[in-house]
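Colleague:
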Amino acid sequence: MIDRRTFSKAAGLGTGAAAAALTGLQSQASAAPATTAALPTGGTAPTVPTVPPGTHTAFPTLKHAKAGVLDVGYAELGPHHGPAVICLHGWPYDIHSYVDVAPLLARLGYRVVVPYLRGHGATRFLSSRTPRTAEQSAIALDIIALMDALKIDKAVLAGFDWGSRTGDIIAALWPDRVKALVSTSGYVITNRKAQLAPAAPAVEHNWWYQWYFATERGKKAMEDPDERLALCRYVWSLVSPNWDFDDATYQRTAQAFLNPDYAAIVLFNYRWRIGLIDGDPRYDRYEQQLSTQPSIGVPTITLDPALDPFTPPGDGSAYRSHFTGPYEHRTIAGIGHNLPQEAPTVFARAVVDADHL
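Note that numbering that gives the first Met the number 0 has the sequence shown beginning at 0, numbered continuously upward.
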């Protein structure tokens, strides 16, 4: 989820009149052929066919690549030599958040790569001796290593939740690897020092599971597979109040939560963010850079799902100053936290538009 301090800073802002409500795109059910349309910036971008959420339920056979400390499981669609898009999931989700987005982009000629993050699904650590840590920079370096393994020099990065944070970090520290960025919830690089201060009561309430994971009781719940799956499903219902997902949809994703390192990775990430544990020293220099809250200069579109309890009110003004390159902000009405799965056409359109900023 997003940085609670970012949300707290924006808690007093109202919704900006300039925010673009894009629900209409999602209500169109036709799958029209791809055409080209002129952008306001003067560039051109293909029109994204509209598909209802849930049109697809599975990816083709998963692939694997040894990348850094991991054997990464990932889905890949589209032409191998097409422009690369890497779609990054969050917690508690998996690659199925992009099960409708990826075919849309592949149809337009993109090479779409959707990896399981460390501790999720088919991704495994190569060595039992590697510490099961989950600093924000560690996850970003996993994706850089995957790009290297797949010989992807530069890609459009698109994500939500942990995926937004990962994309933000790569765009900030390794901008030469990023053609464009789609970041749901805006600038979400964790500021650990700021996390030490109390947030507004309503914000702290939204982060109940972070405090739960800080306790031994929460640790036991995450380490018990049945308790873990029940907790994650409950989070889905809270953060996406309009998403009428069925049991089969949840179960397809929940299989990723049975990874043997899942509990350790999730618990580490949330405990580390609030300063309860130290990270692996190998990542210290990157975390020092991120502590300065570096700006992002690559072409970026930020998305705020209006029903996501972690979306700061307003039109993105709370984090606008962090983005110094070509930029657009869009607020998506009627949609919750899992934006790409709830509104795949809207998300895919943002990827295409960001690529043409």
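Think of the CB as a built atom: it goes at the ideal place given N, C-alpha and C, for glycine as much as any other residue.
Just so it is clear, the structure is predicted and the values come from calculations on it, not from any experiment.
According to DSSP, is glycine 335 part of a helix, a strand, or is it coil?
Modeller: Correct three-state label for glycine 335: coil.
Colleague: Let me know if aspartate 314 comes out buried or exposed under the rule of 16 or more other beta-carbons within 10 Å of its beta-carbon.
Modeller: Answer is buried; the Cβ neighbour count reaches 16.
Colleague: Smallest Cα separation from threonine 189: which of Val345, Arg270, Leu338 and Arg123?
Modeller: It is Arg270 whose Cα lies nearest to the Cα of threonine 189.
Colleague: Report yes if the C-beta distance between alanine 253 and leucine 228 is below 8 Å; otherwise report no.
Modeller: Yes; because the gap between Cβ atoms is below 8 Å, this pair is in contact.
Colleague: I'd like to know whether the C-beta atoms of proline 59 and alanine 83 end up nearer to each other than 8 Å.
Modeller: Not closer than 8 Å, so no.
Colleague: Assess, as a yes-or-no matter, whether the stretch 276 to 284 is touched by the stretch 142 to 153 under the definition of 3 or more beta carbon pairs within less than 8 Å.
Modeller: Verdict: no, contact absent.
Colleague: Determine the extent of the beta strand (DSSP E) in which glutamate 75 is found, giving its start and end residues.
Modeller: Where glutamate 75 is concerned, the enclosing beta strand (DSSP E) stretches over 69 to 76.
Colleague: Compute the Euclidean distance between the alpha carbons of threonine 214 and arginine 232, then round it to the nearest angstrom.
Modeller: Those two C-alpha atoms are separated by around 20 Å.
Colleague: Of the residues Thr323, Tyr318, Asp245 and Ser184, which one's Cα is nearest the Cα of proline 52?
Modeller: Measuring from the Cα of proline 52, the nearest candidate turns out to be Asp245.
Colleague: Just the Cα atoms here: how many angstroms apart are alanine 137 and alanine 171?
Modeller: When rounded, the distance between both Cα atoms is 14 Å.
Colleague: Please determine, among Ile85, Glu134, Lys178 and Pro325, the residue with the shortest C-alpha to C-alpha distance to tyrosine 115.
Modeller: Out of Ile85, Glu134, Lys178 and Pro325, Ile85 has the C-alpha closest to the C-alpha of tyrosine 115.
Colleague: When you compare the CB positions of alanine 317 and proline 311, do they come within less than 8 Å of one another, or not?
Modeller: Contact flag set, yes.
Colleague: What is the rounded straight-line gap between the Cα of leucine 302 and the Cα of isoleucine 169?
Modeller: Going by the C-alpha atoms only, they are around 18 Å apart.
Colleague: Determine the extent of the beta strand (DSSP E) in which proline 304 is found, giving its start and end residues.
Modeller: Element bounds for proline 304: 299 to 304.
Colleague: Which same chain residues, not among the five before or five after tyrosine 109, have their C-beta less than 6 Å away from its C-beta?
Modeller: Closer than 6 Å at the Cβ level, and outside the excluded window around tyrosine 109, lie Gly77, Gly81, Pro82 and Val84.
Colleague: Is it a yes or a no for the stretch 257 to 272 touching the stretch 119 to 136, going by three-plus beta-carbon pairs under 8 Å?
Modeller: Judged by Cβ distances under 8 Å, the stretch 257 to 272 makes contact with the stretch 119 to 136, as three or more pairs qualify.
Colleague: Is DSSP giving alanine 133 helix, strand or coil here?
Modeller: Of the three classes helix, strand and coil, the one that applies to alanine 133 here is coil, per DSSP.
Colleague: Please look up how many angstroms separate the CB atoms of glycine 324 and proline 293, rounded, as I've assumed it's under 8 Å.
Modeller: Wrong, their Cβ atoms sit about 13 Å apart, outside the cutoff.
Colleague: What number of angstroms, rounded off, separates the C-alpha of tryptophan 90 from the C-alpha of threonine 43?
Modeller: Cα-Cα distance, rounded: 34 Å.
Colleague: What would DSSP say about lysine 219, mapped onto helix, strand or coil?
Modeller: In this structure, lysine 219 counts as helix in the three-state DSSP scheme.
Colleague: Check for me: the alpha helix (DSSP H) holding glycine 166 runs from which residue to which?
Modeller: Counting along the chain, the alpha helix (DSSP H) containing glycine 166 begins and ends at 161 to 172.
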